[in-house]
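Residue numbers (the numbering used here), protein chains in the order written: chain H, 1 to 482; chain R, 483 to 585.
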């Protein structure tokens, strides 16, 4: 049996490689995910067999851990709403980082709590302490960073046990965004401090002060890394933290001397980093800009000084009646109000009744994660061919009679072209080039980046103030009556 | 036991896997960014293997060890990451790719 163990790990590593490769292509992605899951199953089974072969393992506790984790994980994955998906990925990622960090801590603690245990000497202790130290640094950082990223994606939290207001809601606390320029050198110093502590701990592996100091500094690092970054950039940050949690897993592989940990961990680390760069490129930003230049904070929001008179559904319905081409621009608001089915009904109605050509303009970062809009519209059975990516659809706006923007703000804000302010340089949907712009939005309030949107105040813009679902239903009824 | 030979072998593996990871992903459509991130994240839950080893060693030395407890929590967290991660990725992909095949 034992000779098969390395084969098992090799098989699982190969499955991870194929899985990641296939996940990058639309056609093969579901299969890729299954390969990854299968690889994980093989890895866990191989490990269990290896432990069984090595002698009497404490199966009750180990199996309890595996089962409890699986059940919690599956419940969380099934219960999450589509809008909450990015937060959940961030949370899972934090757990993964924490797991690696705990393995490292457990390895170090072994020698601390049992003074009869001989500490290995020479190369072995060097490798263990360096790998454990780095795994702790990256792992704890991933945990606190991911948790903060999750709250940034949510926008804030309801404070538990606080007094409820008249609508029965608890006090809402916005996730802060704060990052003066002097924070960057502090981050570097903290990293250096951890390296020094790791070096010191090699000579004194039983020193708990070093251990706790590494844990504390790594936790602080995760927070100060994410704190200055605005919510709009969170997908990039989560992707980077995902890459880091892979590296942390690889470091634990050095401690327990296991090949599949090293291979899978570094695969995720490297491919996660590449994905981070690809995502940055889609947003027309560079990684250093995202990480070190405070941006798009929910902190400083522009003061609203202008007003705009709202239109009603009948007016918009008449406008659409004469249109030959309508482009729908969905945003986070559509996700929040879950009105994708009403949007699809609207598209079907006007195509049927007026023979209008309908397309959807998909901004790469519309919503809170890349691909968010595709997921929601696919759920409503919108044909894939009608979903057009930003670069392809932008030249079509001058020929477009009506652009219908549903709960999108920053991704259509012409301020991004000015080259100034938090949105500078972000590519946007050129909805302002359409002959008429209809915007469905609850108010004139600013978007994630905190910048006022000139598009709202243009003469050709009609605002429909209200919840996306209610407004789309009203609009559909108005069209039916024409 | 960690010796010079095993360390070199591990480092070789580490470097080669990193290079492979860089090459593995080239052009990914924006739609797949989130599922890919989520799927890769589930794979990084491989630390469950490390947690299993750590737990095994610690449990053998006695039930009430702190190191054993830490490893137990690590197993739970890693499994949440693995199972939840693959399940949530599957849900996302079914919505994106599943519908497309039918269309």
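Ideal Cβ positions, reconstructed from N, Cα and C, are used throughout, including at glycine.
The three-state reading of DSSP puts residue 173 of chain H in strand, counting E and B together.
Counting only unbroken stretches of 3 or more residues, the beta strand (DSSP E) elements lying wholly within the region 353 to 403 of chain H are 357 to 362 and 387 to 389, in sequence order. Burial of residue 210 of chain H is indicated by the presence of at least 16 other C-beta atoms within 10 angstroms of its C-beta. With three or more CB-CB distances shorter than 8 Å, the region 143 to 153 of chain H counts as touching the region 207 to 226 of chain H. The three-state secondary structure of residue 462 of chain H, taken from DSSP, is strand. In the structure shown, residue 164 of chain H adopts coil according to DSSP, grouped into three states. Not one beta carbon of chain R lies nearer than 9 Å to the beta carbon of residue 152 of chain H.
Residue state for residue 156 of chain H is assigned as strand, using DSSP reduced to three classes. Distances from the alpha-carbon of residue 176 of chain H to those of H:420, H:195, H:155 and H:183 put H:155 closest.
A straight-line Cα-Cα distance of about 10 Å links residue 198 of chain H and residue 136 of chain H.
Closer than 9 Å to the CB of residue 372 of chain H there is at least one CB belonging to chain R.
Interface criterion met: the Cβ of residue 25 of chain H is under 9 Å from a Cβ in chain R.
Here the alpha carbons of residue 468 of chain H and residue 338 of chain H stand approximately 8 Å from one another. Note that the C-beta distance between residue 398 of chain H and residue 431 of chain H is not below 9 Å.
In chain H, no part has a C-beta under 9 Å from the C-beta of residue 490 of chain R; the shortest such distance is about 11 Å. The residue from H:345, H:291 and H:247 with its alpha-carbon nearest to that of residue 183 of chain H is H:291.
Residues of chain H whose Cβ lies closer than 8 Å to the Cβ of residue 487 of chain R do not exist, since the nearest Cβ in that chain is about 10 Å away. About 6 Å separates the beta carbon of residue 117 of chain H from that of residue 110 of chain H, a gap short enough to meet the 8 Å contact definition.
When only Cα atoms are considered, residue 84 of chain H and residue 560 of chain R end up about 21 Å apart.
Residue 575 of chain R and residue 87 of chain H have their C-alpha atoms some 17 Å from each other.
Following the DSSP letters along the chain, one finds residue 330 of chain H inside the beta strand (DSSP E) bounded by residues 325 to 330.
Residue 234 of chain H counts as buried, since at least 16 other C-beta atoms from the protein chains shown sit within 10 angstroms of its C-beta. Only residues of its own chain outside the window of five on either side were considered, and among them 530, 533, 534 and 537 have a CB closer than 8 Å to the CB of residue 557 of chain R, listed in chain order.
By alpha-carbon distance to residue 553 of chain R, the top candidate from H:70, H:61 and H:191 is H:61. C-alpha of residue 444 of chain H to C-alpha of residue 456 of chain H: approximately 7 Å in a straight line. In the three-state reduction of the DSSP assignment, residue 187 of chain H falls in the helix class. Residue-level contact by beta carbon holds for residue 109 of chain H and chain R, with a gap shorter than 9 Å. Contact of residue 344 of chain H with chain R is not assigned, every C-beta pair being separated by 9 Å or more.
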